[in-house]
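Peer 1: Dumping the structure here so I can ask a few things about it.
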Amino acid sequence: MSYERELIAEWYEAHSRAVMHYVLVMVKDVQQAEDLTHDVFIKAYRHAGSFRGDAQVKTWLFQIAHRTALDFLRKKRPLQLFDTYISKKQDPERLPADVLTQKEETETLYRAITSLKSSYRSVITLRKIKQFTTKETAAILGWTESKVKVQLHRAMPELERRMIKEQNKQVSTEWEGRESK
Numbered sequence: 001m002s003y004e005r006e007l008i009a010e011w012y013e014a015h016s017r018a019v020m021h022y023v024l025v026m027v028k029d030v031q032q033a034e035d036l037t038h039d040v041f042i043k044a045y046r047h048a049g050s051f052r053g054d055a056q057v058k059t060w061l062f063q064i065a066h067r068t069a070l071d072f073l074r075k076k077r078p079l080q081l082f083d084t085y086i087s088k089k090q091d092p093e094r095l096p097a098d099v100l101t102q103k104e105e106t107e108t109l110y111r112a113i114t115s116l117k118s119s120y121r122s123v124i125t126l127r128k129i130k131q132f133t134t135k136e137t138a139a140i141l142g143w144t145e146s147k148v149k150v151q152l153h154r155a156m157p158e159l160e161r162r163m164i165k166e167q168n169k170q171v172s173t174e175w176e177g178r179e180s181k
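Laid out in structure tokens, this is it:
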């Protein structure tokens, strides 16, 4: 096995899940996200020689993932809705009601995130969910650090509004279900 193949195999092992989750948030389709994640690592393999080490490997891979997802989205209109996916480790001590509440909150959060415009989705996903630094996020998105800060500052209140809207929608649906019984 060549050095590049070994290197890409290490990178895949270390970062493929994170890349897949990021791409999934962007494209909203599990199958497509898996395919695009595969494409990201093929591109990384083909261009491994161009990786200069100016940034961390993870940041470089996320740059490739971001461009790959955007290219896909530009080609595909309208976007499909994706199934909510987050799988958190289950605490055996948790009550079923707690698990259900967490699942509902997670679904509300992801419905709200996916309803945001692409730039807001990207910056929230990278900074708040994947916990990249402002500098790393700027490198991934090809933005300045100032733009990352401004977009995040604008995105968070919009996310909060969307979450409230989603929660109100859910409560309204539950209320209508009770009234029809």
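For the sequence shown, position 26 matches number 26 in the UniProt record's numbering, and the numbering has no gaps at all. By construction, the Cβ of each residue, glycine as well, lies at the ideal position given by its N, Cα and C atoms.
Name the two residues that bound the continuous alpha helix (DSSP H) containing S119.
Peer 2: Translated into the one-based positions of the sequence shown, residue 119 becomes position 119. That run of the alpha helix (DSSP H) goes S118 to I124.
Peer 1: Give, in chain order, every unbroken run of the beta strand (DSSP E) that is at least 3 residues long and sits entirely within the UniProt domain "RNA polymerase sigma-70 region 2" (12-77).
Peer 2: Listed in chain order, there is nothing to give.
Peer 1: Between which residues of its own chain and W11 is the CB-CB distance below 8 Å, once the five residues before and five after are set aside?
Peer 2: Here residue 11 is taken as the residue at index 11 of the sequence shown, counted from 1. For W11, where only same-chain residues beyond five positions count, the Cβ hits under 8 Å are F41, A44, V57 and L61.
Peer 1: On the criterion of 16 or more Cβ atoms from any shown chain inside 10 Å, does I140 qualify as buried, or is it exposed?
Peer 2: For the purposes of this step, residue 140 is identified with residue 140 of the sequence shown, where counting begins at 1. Counting Cβ neighbours within 10 Å, I140 comes out buried, since at least 16 surround it.
Peer 1: By the three-class DSSP mapping on this structure, what secondary structure does K135 have?
Peer 2: Here residue 135 is taken as the residue at index 135 of the sequence shown, counted from 1. If DSSP states are grouped into helix, strand and coil, K135 belongs with the helices.
Peer 1: Does the separation of the CB atoms of M26 and L73 fall below 9 Å?
Peer 2: Locating residue 26 in the sequence shown gives position 26, where the first residue counts as 1. Locating residue 73 in the sequence shown gives position 73, where the first residue counts as 1. Contact flag set, yes.
Peer 1: Among the candidates G142, Q151 and A33, whose CA atom is the shortest distance from the CA of S119?
Peer 2: Indexing the sequence shown from 1 puts residue 119 at position 119. Nearest of G142, Q151 and A33 to S119, Cα basis: Q151.
Peer 1: So, under 8 Å CB-CB, V23 and A69 are touching, yes? Tell me the CB distance rounded to an integer number of Å.
Peer 2: Working through the sequence shown from its first residue, we reach residue 23 at position 23. Working through the sequence shown from its first residue, we reach residue 69 at position 69. Confirmed, about 5 Å.
Peer 1: Among the candidates S16, D39 and E166, whose CA atom is the shortest distance from the CA of E105?
Peer 2: By 1-based counting over the sequence shown, the position of residue 105 is 105. Nearest option by C-alpha distance: E166.
Peer 1: Would you mind sorting T144 into buried or exposed? The rule is 16 or more other CB atoms within 10 Å of its CB.
Peer 2: Along the sequence shown, one-based indexing puts residue 144 at 144. By the 10 Å Cβ count, T144 comes out exposed.
Peer 1: Would you mind giving the Cβ-Cβ distance between L126 and T137, rounded to the nearest angstrom? I have them listed as a contact below 8 Å.
Peer 2: On the sequence shown, residue 126 is found 126 positions in, with the first residue counted as 1. On the sequence shown, residue 137 is found 137 positions in, with the first residue counted as 1. That pair is a contact at about 4 Å.
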